[in-house]
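Going by full-length UniProt numbering, the residue at position 180 of the sequence shown is 180; the numbering climbs one at a time, nothing skipped.
Where is the CB? At the ideal position from N, CA and C, for every residue including glycine.
Quantities reported herein were computed from a predicted structural model and do not represent experimental measurements.
Beneath this line is the structure, given in structure tokens, with notes to follow.
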Amino acid sequence: MRVKYVLSEVLVGLWRNVTMTVAMIITMAVSLTMLGASGLIYTKVADMKQLYFDNIQVSIFLEKEASEQQVADIRTKLEGDPLVREVNYVDKDEAYKRFQEMFRDSPDLLSVVKAEQLPQSFRVNLVNPEEYKAISEQYSTVEGVDQVVDQSRVLDKIFDLFTAGQNIALVAAIAMAVAALLLVANTIQVAAYSKRREVAVMKLVGASNWFIQAPFVLEAVVAGLIGSVVGLFALIGLKKFLFDGALSALQGLFAPVSWGEVFVTFPVMAGVGALISAVTAWVTLRFYLRV
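Rendered as structure tokens:
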């Protein structure tokens with residue numbers, strides 16, 4: 001009987017303040033959508049960093065006048081270096097083939113560059129790609145070396161942009177969460193005020209605080225759960241129309257978002273939405289509901 005009463009009061013409360021309930025659901029949905037999207041972005045950037053770092057190379061370009069003995073000495077030193085995982089030597093002909101492939105759409109440039117103009121190089125994969133500075137410092141002064149170029153310097157700038165996007169999404173999610181908290185608190189206050197006489201009677205007949213507060217807390221939890229469902233559909237839309245649609249041409253550059261990752265995000269969103277709603281409602285009632 002008590003459970004039936006509590007559930008009926010939850011439905012009545014949601015319908016009684018339907019406009020504020022809808023506003024609370026929408027605000028919670030937007031907040032949870034941004035939170036879920038922010039989580040996916042963090043995960044994907046981490047995956048991309050790992051992917052790129054696993055394939056990153058340090059290029060050691062040799063001087064045009066480097067002798068065969070100098071080239072052999074550099075190779076021997078690299079192969080014995082504990083920081084180096086793999087060494088590939090690129091001669092002038094191989095460098096020219098790569099140059100042709102890279103600039104195949106620029107015939108004018110290809111016509112003026114000859115194989116002998118391109119430097120020999122060693123392409124080095126590191127055991128720990130983040131130690132590229134040690135390699136640069138160690139080999140930039142070796143005889144026969146012209147310069148040491150590391151791809152991660154460029155990638156660092158790209159990842160800085162991604163990190164900025166992560167932070168912006170997280171800040172926006174936090175701002176929306178604060179708005180949702182305030183809206184939940186305001187909705188619960190209005191609901192409690194509209195039922196102040198019923199609450200007074202229940203107090204007089206000996207009803208416990210838990211029994212009185214339960215419908216209000218569950219009302220907020222239901223709104224939070226509905227908001228998380230709406231947020232899930234929003235994430236599904238983002239994957240379908242943004243990641244698999246507008247950004248599909250960039251799949252080779254960005255780690256793809258799988259359906260599994262989207263659906264795994266939902267329990268987190270539902271848990272956060274329900275917990276925030278329940279705690280906010282309970283705290284609000286503790287300070288507001290006085291009979």
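{"Item": "Got a sec? Which residues, its chain only, sit under 7 Å from residue 335 by beta carbon, not counting five neighbours each side?", "Value": "Nothing in the structure corresponds to residue 335, since the chain is present only between 1 and 291."}
{"Item": "Kindly indicate the opening and closing residues of the beta strand (DSSP E) around arginine 85.", "Value": "84 to 90"}
{"Item": "Do the CB positions of leucine 118 and lysine 97 come within less than 7 Å of each other?", "Value": "no"}
{"Item": "Can you round the beta-carbon distance between serine 277 and glycine 237 to whole angstroms, since I take them to be within the 8 Å contact cut?", "Value": "So it is not a contact: roughly 23 Å between Cβ atoms."}
{"Item": "So isoleucine 74 is in the alpha helix (DSSP H); what residue range does that whole segment cover?", "Value": "68 to 79"}
{"Item": "DSSP has arginine 123 in a bridge; who is on the other side?", "Value": "Ser59, Asn88"}
{"Item": "So, at 8 Å on beta carbons, what are the nonlocal neighbours of threonine 280 in its own chain, with the 5 sequence-adjacent residues on each side left out?", "Value": "Leu181, Val184, Ala185, Ile188, Ala220"}
{"Item": "Can you name the start and end residues of the alpha helix (DSSP H) that glutamine 138 belongs to?", "Value": "132 to 139"}
{"Item": "Give the DSSP-derived three-state secondary structure of threonine 280 in the structure shown.", "Value": "helix"}
{"Item": "Does valine 264 come out as helix, strand or coil in the three-state DSSP assignment?", "Value": "helix"}
{"Item": "Would you mind working out which of Thr76, Asp47, Phe61 sits nearest valine 148, comparing C-alpha positions?", "Value": "Phe61"}
{"Item": "Once you ignore the five residues that flank valine 84 on each side, which residues in its own chain have a CB closer than 6 Å to its CB?", "Value": "Leu78, Val124"}
{"Item": "Within 10 Å of its beta-carbon, does alanine 214 have 16 or more other beta-carbons around it, so buried, or fewer, so exposed?", "Value": "buried"}
{"Item": "If you compare alpha carbons, which of Ile168, Phe122, Asp150 is closest to residue 311?", "Value": "Look at the range of the chain in this structure, 1 to 291, and you will see that residue 311 is not part of it."}
{"Item": "DSSP has valine 171 in a bridge; who is on the other side?", "Value": "Beta-bridge pairing links valine 171 to no other residue."}
{"Item": "Which class does valine 149 belong to by DSSP, given the choice of helix, strand or coil?", "Value": "strand"}
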